[in-house]
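Using this note's numbering, the letters of the sequence shown map in sequence onto residues 677 to 880. The C-beta atom is built at its ideal place from N, Cα and C for all residues, glycine as well. What follows is a single structure, written as structure tokens, with notes after it.
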Amino acid sequence: MKLNPFLSVWTKPKETVRQVSSLKSFWFVLIVTGIAGIGSGLTNLQGKSIVNDLSILMIVLFSICIGLLMGIARAFVTSLFFTYIGKLFGGKSSVKEMFKGMGAMFIPRMLQSLILLTSVLIAGKQFFTDTNAELESTFYISIVISLFVINAIASIFTVVIMSKGIGVLHQFSSWKGLAIVIITGIINFLLSLVIGFSSLFLFQ
């Protein structure tokens, strides 16, 4: 029986990742991972002066365009890490198989992005600003707290789903999958530090 990945990924992550990787098209993966990236496009504009000169519609459209590219690129790079680090643990998955599996693994992030987008449409430009007056708004604070809770829950689910999904595709335990998620996170953190420090020296 075919599963609805948007529902089953929360309770049957292994079966869902296996089904998406085997049966879903690349278009499904591109749509899910692209939408998942919109959240990054939105949050990257928070506190930026550019939002003062743009309408909320232009801000949203700009975030969607940038976010779609960021989401797909992140999914591809992540699948490379998961595939080749997994092979060091004796994994059997290919990059193609792992990338298609991202269609299920990125569903929590897609949900985060849709909630963020809804928050932007409700709060308007206030979502992107950080002045004290606006931060004192009860409505704004309630949005921030709600987003924090939702992001925390979605992040936990993302780690669990990815760990189990990696295990299924590489044909080993979910614990090894968790180790790969952690190693990938450490590598990304170190790369971010290197890029950040390099930028400081280059633009001095």
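| Item | Value |
| --- | --- |
| Once you ignore the five residues that flank V796 on each side, which residues in its own chain have a CB closer than 7 Å to its CB? | L718, V736, F803 |
| What residues in its chain sit with their C-beta under 6 Å from that of I862, if we drop five residues either side in the sequence? | none |
| Using a Cβ-Cβ cutoff of less than 6 Å, which residues in the same chain neighbour Q847 once the five nearest sequence positions on both sides are dropped? | K768 |
| Does the structure place the region 768 to 786 close enough to the region 833 to 850 that three or more beta carbon pairs sit under 8 Å? | yes |
| Taking C-beta to C-beta, are I711 and S789 nearer than 8 Å? | yes |
| Do you know offhand how far I657's Cα is from Y760's? | No answer is possible for residue 657: it lies beyond the span of the chain, which begins at 677 and ends at 880. |
| Can you say whether T692 is buried or exposed, counting buried as having 16 or more other CB atoms within 10 angstroms of its CB? | buried |
| Measuring alpha carbon to alpha carbon, tell me which of S839, F682, L706, K772 ends up nearest G747. | L706 |
| Can you list, in chain order, the residues of its chain with a C-beta nearer than 7 Å to that of E773? Leave out the 5 residues immediately preceding and following it. | S697, L845 |
| If you check the beta carbons only, do M786 and I837 fall under 8 Å apart? | no |
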